[in-house]
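Protein chains in written order, with the numbering used here: chain Z, 1 to 370; chain H, 1 to 370.
Backbone N, C-alpha and C define an ideal beta-carbon position, used for all residues, glycine too.
Remember, it's a predicted structure, so these values are computed and weren't measured experimentally.
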């Protein structure tokens, strides 16, 4: 069995996988109604919200698109904050729907500066909504969402958050921070296979829904809410993933969200310390913004990032992710979210040291695996 | 274990479910590339096409929406043929995207008349595309798609087909009949849990794609094709359902499509004969258009359809579907697609006779279960 260390899909616990293998049921019958009702209540706890949490049969990108098309109209000015590939995705979606995008980009590896957000909102008072990535999977940076949210709320704008690789791992109290629409997916912190995405929708977002004119059907929020009220989804749901989620939410709430957050903080620190001990540089310079779900490590000068990835996989059974966009070949990314133990990270770091050595890198004298 | 006799999700074979429970892999790695490549080639065989077959993480409705938004533009005139709830769905999607819909509706329980389609196309020469349901799940009617396709091709229009409850069960040679876009989903004839949808796209549909201006992102055909070419999907796919599909496609092609079609024809006839033997009326009068994947049976006068459904479920462990839209409470629908044996249908009919008796219905003297 490989040590799957990509930032999602993450490994799933055995009992989650067993649950996923259960036989089909009627998605319009009483068993499914019980299942979705039970899941909804616990999703609200994980989101720390009283808002509706809609469950879509889609990837996280589907949930990002849903967040925009259900709250905005073609021509609407929207501020998109980008610190990496997933910030760019919000821009691409908004542009695909003819929104007027005001872009606020920060260099890859850095967080968004809340002061710059404040200035951008002042300079563009017509902006209706702000789209922001909580945790940027492509660079391993966690934005200071609380500070950004405060700026957005002070300016009285709608706040749309991509929390795909953070929710359930890194603190994100949706109601306390005033996030209007928060999108995430099953295959990250939830330790469940991909196939479902979750979106929380605040009363203010429902208000925006009323006048939003972007076309939509499959991703329409109101259809999902109306069907949820009878214990169903409007379209046939990915039933198997619901089964897995039911088990996984039980694990999460028994462990307790605070303990899960602390576990991820420990695992994140362990990964970064381990990389530094191998003499490697992290893409994120400022430890305050280092992600506790994914770490981006610079590939040392003279080593081919794609060969490093292949060596880790083929020789050591450790599967990491490469860089995306402008970072392709230049970094490797280690995922450490959801179902992950310290031993998984230690094994990964040890394999990394050995793989680098095979490729001609000289470990520092004091490196643990040298 | 219940006898799940709804028109999808259908029961899945045990080895398909075991496959679904496999651990996650990297969806950007070599294992997934092998998986999607193997699946794509066999999907083409089941679709009887050389066209691209795109695999979306979505329900069938997502694939219907994708079929429209990737080939048409707001304001485009489109002919939507409706013989039931799923024909109406095409109309709703087309209207949501601002298309100019020409509706051609036939009474529930009847098929579309190809001559009327010819007249409608003559009367509306500006129409760009025709949307049609192959097998109408809400009424148990199979359209004469071959005849309709011929009319559409003679008029030189794009043909968009909802084959969600037919493909893989009822003959639909996509290339031979000239269907440009054909949408279906994993949880029907494919005997796999819901979560994936498949859409075939002809060269002519790709030509239409170039000028199609409906907004789209998650469902964008070109993104799916570009990623398929590197053995990936653009967004994280429902990996578990791919695992199940891999096993199920093996079963289907070993059995042979001709044998599968013959099996469904036998099972469909058995269901209809059994219902008639209980003295019941079928919604579909003309046997030539009776669906071999789902049978709609009229609930006898004086009996509450919803109570009949509940009695079948609670007393006999047989789960059937009720009527939708104007047929709610008036019919029950028995699904018999995918993984279904004669014994499952016999058990269903026996339970139906007993449940009706409990509710005060008098079986005919010669009824098998009287």
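Asked: Where residue 42 of chain H sits in the DSSP three-state scheme; Found: helix
Asked: Validate contact between the segment 111-121 of chain Z and the segment 257-273 of chain Z using beta carbons, cut 8 Å, 3 pairs; Found: no
Asked: Residue 34 of chain Z, buried or exposed, once every other Cβ within 10 Å from all chains shown has been counted against 16; Found: exposed
Asked: Where residue 107 of chain Z meets chain H, residues with beta-carbon distance less than 8 Å; Found: Those within 8 Å of residue 107 of chain Z in chain H number zero; the least Cβ separation is about 24 Å.
Asked: Whole-number beta carbon distance between residue 290 of chain H and residue 284 of chain H, since they are thought to touch under 8 Å; Found: 5 Å
Asked: Residue 23 of chain H: contacting residues in chain Z (beta-carbon distance under 8 Å); Found: 1, 4, 11, 12, 17
Asked: CB of residue 67 of chain H within 9 Å of CB of residue 131 of chain H, strictly; Found: yes
Asked: Residue 219 of chain Z: first and last residue of the uninterrupted beta strand (DSSP E) it sits in; Found: Run containing residue 219 of chain Z: none; DSSP gives neither H nor E here.
Asked: Proximity below 9 Å, CB of residue 92 of chain H to CB of residue 78 of chain H; Found: no
Asked: Chain Z within 9 Å of residue 307 of chain H, Cβ atoms only; Found: no
Asked: Boundaries of the alpha helix (DSSP H) in which residue 250 of chain H is found, first to last residue; Found: 239-255
Asked: Contact the segment 340-348 of chain Z vs the segment 207-216 of chain H: 3+ CB pairs below 8 Å; Found: no
Asked: Same chain only: Cβ atoms within 7 Å of residue 9 of chain Z, ignoring 5 sequence neighbours per side; Found: 187, 193, 194
Asked: Within the segment 80-109 of chain H, ranges of the beta strand (DSSP E) (whole runs, at least 3 residues); Found: 100-105
Asked: Contact list for residue 65 of chain Z against chain H, beta-carbon separation under 7 Å; Found: 217, 218
Asked: Proximal residues of chain Z, C-beta to C-beta of residue 97 of chain H below 7 Å; Found: 215
Asked: Residue 248 of chain H at chain Z interface by Cβ criterion, 9 Å; Found: no
Asked: Among Z:46, Z:88, Z:359, Z:183, the one whose alpha carbon lies nearest that of residue 60 of chain Z; Found: Z:183
Asked: Contacting residues, own chain, Cβ-Cβ under 7 Å from residue 234 of chain H (five flanking each side not counted); Found: 223, 224, 227
Asked: Beta carbon proximity, residue 26 of chain H to chain Z, threshold 9 Å; Found: yes
Asked: Rounded separation between residue 40 of chain H and residue 242 of chain H - CA only; Found: 11 Å
Asked: Meets three-Cβ-pair contact criterion under 8 Å: the segment 195-202 of chain Z and the segment 49-64 of chain Z; Found: yes
Asked: Beta-carbon spacing of residue 336 of chain Z, residue 294 of chain Z below 9 Å; Found: yes
Asked: Members of the segment 173-196 of chain Z near chain H, C-beta cut-off 8 Å; Found: 185, 187, 193, 194, 195
Asked: Whole runs of the beta strand (DSSP E) within the segment 267-326 of chain Z, excluding any shorter than 3 residues; Found: 294-298, 318-322
Asked: Three-way DSSP call (helix, strand, coil) for residue 370 of chain Z in this model; Found: Because the pLDDT at residue 370 of chain Z is just 48, under 50, the model does not fix this residue reliably, and the value given afterwards should be weighed accordingly. Note: residue 370 of chain Z maps to coil in three-state DSSP.
Asked: Neighbourhood of residue 325 of chain H by C-beta, 6 Å cutoff - its chain only, sequence neighbours within 5 removed; Found: 85
Asked: Separation of residue 271 of chain H from residue 288 of chain H, as counted between CA atoms; Found: 15 Å
Asked: Given 8 Å, three or more beta-carbon pairs between the segment 155-171 of chain H and the segment 19-34 of chain H; Found: no
Asked: C-beta neighbour in chain H for residue 92 of chain Z, strict 9 Å; Found: yes
Asked: Residues of the segment 223-251 of chain H whose Cβ lies closer than 7 Å to any Cβ of chain Z, in chain order; Found: 235, 236, 237, 238, 239, 240, 241
Asked: CA nearest to the CA of residue 142 of chain Z, picked from Z:151, Z:356, Z:163; Found: Z:163
Asked: Positions along the segment 44-58 of chain Z whose CB lies within less than 7 Å of some CB in chain A; Found: Absent here is chain A; the protein component of the structure consists of chains Z and H.
Asked: Beta carbon proximity, residue 390 of chain H to chain Z, threshold 9 Å; Found: As shown, chain H starts at 1 and ends at 370. That puts residue 390 of chain H outside it, with no answer to give.
Asked: Beta-ladder partner(s) of residue 77 of chain H, from DSSP; Found: H:100
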